[in-house]
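Numbered by this note's numbering, the letters in the sequence shown go through residues 76 to 420 in order.
Glycine residues also receive a C-beta, built at the ideal position from the N, C-alpha and C atoms.
Since we're looking at a predicted model, the values are computed, not measured.
One structure is given below, encoded as structure tokens.
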Amino acid sequence: MQADLFRVQMKSLKLQQTQEAGSICINELKNIVITVVAATAVIHGQLTLGMMLAVQYIIGQLNSPVEQLMGFFYSVQDVRISLERINEIHRMDDENGKQGLETSVKEEGRGIDLENVNFKYDPHALKTIIDNVSLNIPKGRVTAIVGASGSGKTTLIKLMLGYYPALGGKITIGGTDVNTLNKKWWRRQCGVVMQDGVIFSESIARNIAVDDNEIDRQRLQKAAEITCIHDYVMGLPLKYNTKIGRDGVGLSQGQKQRILIARTVYKNPDYIFLDEATNLLDANNERMIVEHLDAFYKGKTVVIVAHRLSTVKNAGQIVVLDKGGWLRQAVTKHSHGSAAHTTIS
Numbered sequence: 076m077q078a079d080l081f082r083v084q085m086k087s088l089k090l091q092q093t094q095e096a097g098s099i100c101i102n103e104l105k106n107i108v109i110t111v112v113a114a115t116a117v118i119h120g121q122l123t124l125g126m127m128l129a130v131q132y133i134i135g136q137l138n139s140p141v142e143q144l145m146g147f148f149y150s151v152q153d154v155r156i157s158l159e160r161i162n163e164i165h166r167m168d169d170e171n172g173k174q175g176l177e178t179s180v181k182e183e184g185r186g187i188d189l190e191n192v193n194f195k196y197d198p199h200a201l202k203t204i205i206d207n208v209s210l211n212i213p214k215g216r217v218t219a220i221v222g223a224s225g226s227g228k229t230t231l232i233k234l235m236l237g238y239y240p241a242l243g244g245k246i247t248i249g250g251t252d253v254n255t256l257n258k259k260w261w262r263r264q265c266g267v268v269m270q271d272g273v274i275f276s277e278s279i280a281r282n283i284a285v286d287d288n289e290i291d292r293q294r295l296q297k298a299a300e301i302t303c304i305h306d307y308v309m310g311l312p313l314k315y316n317t318k319i320g321r322d323g324v325g326l327s328q329g330q331k332q333r334i335l336i337a338r339t340v341y342k343n344p345d346y347i348f349l350d351e352a353t354n355l356l357d358a359n360n361e362r363m364i365v366e367h368l369d370a371f372y373k374g375k376t377v378v379i380v381a382h383r384l385s386t387v388k389n390a391g392q393i394v395v396l397d398k399g400g401w402l403r404q405a406v407t408k409h410s411h412g413s414a415a416h417t418t419i420s
């Protein structure tokens with residue numbers, strides 16, 4: 076996907092450069108033609124030299140408007156594409172608009188099962204992102220998904236969260252098809268830390284306790300302590316009431332990640348999905364946070380996507396995903412109980 080995005084950006088840049096070069100050529104060609112015509116008129120006595128200079132000056136004032144007009148045409152193309160995308164979104168059905176959607180799953184089977192799941196972002200594309208994946212994520216266990224960049228790890232999490240419908244196969248949560256679940260209810264049961272998590276222009280407390288109108292200060296402090304950000308916050312003049320700039324301006328990348336993880340800890344959900352949640356932390360902070368989270372995970376169904384072995388070494392099972400299809404699985408001795416055995420194809 077990154078390679079495809081790079082190619083699209085290169086095509087866009089090439090088109091922009093072509094338009095700018097075309098604008099310059101038109102302006103220069105205009106000046107040359109006018110100069111030749113005016114000089115010919117002066118030679119034949121139809122214009123004086125002063126009149127020719129006046130004409131050139133007046134016409135020269137059009138250079139800037141012509142360049143602006145070409146820039147306007149380029150902007151119109153961007154706006155048209157954006158409007159088409161907005162219209163696509165407006166035409167989409169409300170994912171919670173259907174009647175009779177489930178708002179619960181079976182308590183005795185709160186694991187996640189994927190059966191022959193297939194997916195690609197563009198239905199007409201030849202390349203399949205997720206290809207015939209079958210996987211069981213046991214209830215109350217930690218499952219780590221590892222693999223090379225572009226192998227479909229993040230996409231797999233988005234499918235489990237119901238962000239996109241699978242093009243083939245089935246995903247069930249506790250035996251209930253994710254497509255029949257009320258998405259708003261389902262996501263309330265989940266804590267999610269994605270690579271592009273959002274930091275709001277709000278206080279630190281409000282960024283952690285986004286779901287609560289009344290913030291539980293005890294839970295807030297516990298979440299901050301688990302993610303090793305409490306000491307930093309207490310060193311600020313306004314402490315938890317300190318306002319954060321838009322997109323986390325004023326915070327380091329590691330501090331942003333710790334706030335995002337603290338948000339999930341504060342929520343205390345039954346299902347947790349972490350996508351490279353500690354990849355920007357230094358080794359010492361990562362080690363302490365991973366140790367704290369191991370205790371927090373008990374009794375919860377957890378899916379971790381990571382590259383570092385230190386992040387997934389205590390997982391109950393480790394799944395290797397390669398190019399969206401080929402899977403290998405290993406059961407480890409760290410499973411908060413008995414080992415979780417999984418059949419993967």
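Check: Collapsed DSSP secondary structure at Cys303 in the structure displayed; Outcome: coil
Check: Rounded straight-line distance, which links the Cα of Ala219 to that of Ile419; Outcome: In this prediction, Ile419 has a pLDDT of 35, which is less than 50 and means its spatial position is unreliable; what the coordinates show is noted afterwards. When rounded, the distance between both Cα atoms is 14 Å.
Check: Thr230 beta carbon less than 7 Å from that of Ile205; Outcome: yes
Check: Assigned secondary structure, Tyr238 (DSSP; H/G/I helix, E/B strand, else coil); Outcome: coil
Check: Closest residue to Ser276 among Ile393, Pro240 and Gly323 (Cα-Cα distance); Outcome: Gly323
Check: Bridge partner(s) assigned by DSSP for Asp252; Outcome: Thr247
Check: Unbroken alpha helix (DSSP H) run spanning Tyr132, endpoints; Outcome: Leu124 to Gly135
Check: Three-pair Cβ contact test at 8 Å for the region 234 to 244 versus the region 141 to 154; Outcome: no
Check: Cutoff 7 Å; reference Ala415; Cβ partners in own chain excluding five residues on either side; Outcome: With a pLDDT of 38 at Ala415, under the threshold of 50, the modelled position of that residue is not reliable, and no figure is offered here.
Check: Inter-residue Cα distance where the pair is Lys105 and Lys89; Outcome: 24 Å
Check: Exposure of Ala96, with buried meaning 16 or more beta-carbon neighbours within 10 Å; Outcome: exposed
Check: Closest residue to Asn389 among Leu368, Gly374 and Lys331 (Cα-Cα distance); Outcome: Leu368
Check: Through-space distance from Ala113 to Thr123, alpha-carbon basis; Outcome: 9 Å
Check: Nearest-angstrom Cβ-Cβ length linking Gly249 and Pro344, presumed shorter than 8 Å; Outcome: Actually they are not in contact, since the Cβ atoms of Gly249 and Pro344 sit about 14 Å apart, beyond 8 Å.
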